[in-house]
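In the working numbering, the protein residues as written are 1 to 676. The structure appears right after this line, and notes come after that.
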């Protein structure tokens, strides 16, 4: 090879290498961009005015039972608001600011920082909280990140901006609300013990000499060493805040904390969240590629994260609250859990699996799955009066699609089958293969709860019938329940096939064929073009068009002709195609009441999703896209930075209603925008 040829080869090789490096840089840049979509997606700024104050939003991670905010007042600057403890009383603030920083010159006790005037920015991401303060002499950067479900780490970086060396005194103080928690000193840490919870708190400065002064049972001060800070130099101070239940080892947690490198934890958390957000954002349906939808997905992801709790007390597996923001939602509910699991399966199958397991930890021998469970049953007992609609096989099948873990299917399949058959054993009063909602205590109220649609108009005149011991049914057969059961049979077929269980495959195929015909014949009113509940005999409809009417489409149990008539009513502006479409009952019904109705008019995003997915199942993709866009744009705050995702929405005005930070709303937003 001549010199010219050699030069050409070298040049081409160099260009290829440069191009590859350029591509790698671009790919690296793209990979780090997903986290940016979570920037300030929820507004965590605020300061509690009392221990029970729930006006502000709160940040947590790793399943911790405590959370924080970004301060917005002179009384709370110098650290992070909180924490808000979910370890007792269904949530109380322990303090406005548990570790409040004060800086002064050695000769003066006056705080150097005018926190309000010196504030540069406060930012939140799915991975962490951060804030920066700066004046002509000092810059202070503060980061907060969760290292585990027990511990949050706070790093403070103090930089001398001046041309002179500075000698600084620094201290941290905490003043607690009177919430049954008292302060003591233990081995260089502040220890926080409660008369109302068995969780214990520990606060400490890491690897730094300091003096702890416990003033009284509700206040303390940690005096840090006098700090000589040369011009243009910085000093880092790291703090850990731990709240840990007795089933976990404080000794082990302390060992982990003592060896932690803050940057490593922060980077690990950024990578973790970036990976999860990438999974969601890259899996968007093509029609939702605009960045605004990526931001909505990031908000949904963070909403689920803030409701995540590790196993503790009576909760044997980790899972999600419906909402930490509402005090009576500090537990796990069954159909909430199935919905959460489907949303979680898109980016965290480990958590999704445990969310399902958490409810099945309390399956009865007869197959019954409890309605709701709590960490501390002295605050609230489990609700065994009813269960919830059967959606767990759907959840397990969706998890299996994303993570082909056959061991998980082997674990869950017998339980799913047992629960499925329970409905026919305990909730089929006339044994005709069509089930009814009911209760274990014979109350109509609990039977309505079992539907999940507590006060829906179809139950206004319902009565209860006894089937057997602790088994009661309403005197009506419900379209949604039987459609859910039909879908369950299809999902059980999929799972049985994966396990090679041919007898069950054959059984559920045959049962599904029979049930499909029964649903199409009994529940569909050809005159109205809608699916309704019926009496037990199937001879009269329980009229009043509600969201239960399109569950047949979600379950793929309607005929194409039936689906066409359902679609037409769903897209009618005078019925269901409102500002926030596909609400729980038709706009033109006399009992339509979005402000006071709960399930008599508001838009619940789970029901809206079932409608959208139902349309897609029958080829009405244009209508499904239009409805999705209208929901995202019409529901107050979904597109706005900082606004929380709500429990439900006013279908005519878009106003967010009921609890903030609602998990199943977030989970179904994920389902609406991503590919199946």
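All C-beta atoms in this analysis are idealised placements derived from N, C-alpha and C, irrespective of residue type, glycine included.
A direct Cα-to-Cα measurement between residue 75 and residue 96 gives close to 8 angstroms. Secondary structure note for residue 174: its beta strand (DSSP E) is the uninterrupted segment 166-175. Straight-line measurement puts the Cα of residue 363 at about 17 angstroms from the Cα of residue 438. In the three-state reduction of the DSSP assignment, residue 508 falls in the helix class.
If you look at residue 116, you'll find it in the alpha helix (DSSP H) that goes 115-118. Residue pairing by DSSP puts residue 200 in a beta bridge opposite 244.
In this structure, residue 334 and residue 370 form a Cβ contact; the two beta carbons are roughly 7 angstroms apart against a cut-off of 8 angstroms. Per the DSSP secondary-structure output, residue 219 pairs in a beta bridge with 175, 216. Around the beta-carbon of residue 328, fewer than 16 other beta-carbon atoms lie within 10 Å, marking it exposed. In this structure the region 136-148 does not touch the region 193-208; the number of beta carbon pairs closer than 8 angstroms is below three. DSSP places residue 467 in no alpha helix (DSSP H) but in the uninterrupted beta strand (DSSP E) bounded by 464-468. Counting other Cβ atoms within 10 Å of its Cβ, residue 120 stays below 16 and is therefore classed as exposed. Contact between the region 39-57 and the region 75-88 is present: three or more C-beta pairs spanning the two stretches fall below 8 angstroms. Contact annotation: the region 77-92 does not touch the region 162-170, with fewer than three C-beta pairs closer than 8 angstroms.
Contact check for residue 200 and residue 250: beta-carbon distance about 7 angstroms, within the 8 angstroms limit, so the pair qualifies. Taking 3 residues as the shortest admissible run, the region 249-292 contains no complete beta strand (DSSP E) segment at all. Apart from sequence neighbours up to five positions away, the residues of its chain that approach residue 671 with a beta-carbon distance below 7 angstroms are 342, 343, 609, ordered along the chain. In this structure, residue 64 and residue 150 form a Cβ contact; the two beta carbons are roughly 7 angstroms apart against a cut-off of 8 angstroms. Runs of the beta strand (DSSP E) lying entirely within the region 40-124, each at least 3 residues long, are 66-69, 81-85, 100-105, 119-124 in chain order.
Going by C-alpha positions, residue 487 is about 8 angstroms away from residue 394. Residue 625 carries a helical assignment under DSSP once its states are collapsed to helix, strand and coil. With contacts defined by Cβ atoms closer than 8 angstroms, residue 304 and residue 663 form a contacting pair.
Sixteen is the threshold: since fewer than 16 other Cβ atoms of the shown chains lie within 10 Å of the Cβ of residue 500, the residue is exposed. For the beta strand (DSSP E) assignment, the uninterrupted runs of no fewer than 3 residues enclosed by the region 404-492 are, from N- to C-terminal side, 464-468, 471-474. Counting C-beta pairs with one atom in each stretch, the region 623-636 and the region 287-297 have three or more that are closer than 8 angstroms, which means they touch.
Counting of Cβ neighbours within 10 angstroms places residue 404 among the exposed residues, the total staying below 16.
Between the C-alpha atoms of residue 580 and residue 425 there is a straight-line separation of about 39 angstroms. For residue 356, the number of other beta carbons within 10 angstroms of its own is at least 16, and it is reported as buried. The shortest CA-to-CA distance from residue 459 to any of 591, 235, 247 is the one to 591. If you check the CB distance, residue 466 and residue 433 do not come in under 8 angstroms. Note that the C-beta distance between residue 556 and residue 519 is not below 8 angstroms. Runs of the alpha helix (DSSP H) lying entirely within the region 573-653 and spanning at least 4 residues, in chain order: 605-617, 621-634. Counting every other CB atom within 10 Å of its CB across the protein chains shown gives residue 595 a total below 16, marking it as exposed. Ranked by Cα distance from residue 218, the first of 512, 69, 94 is 94. Residue 474 and residue 462 have their C-alpha atoms some 6 angstroms from each other.
For residue 231, the three-state secondary structure derived from DSSP is coil.
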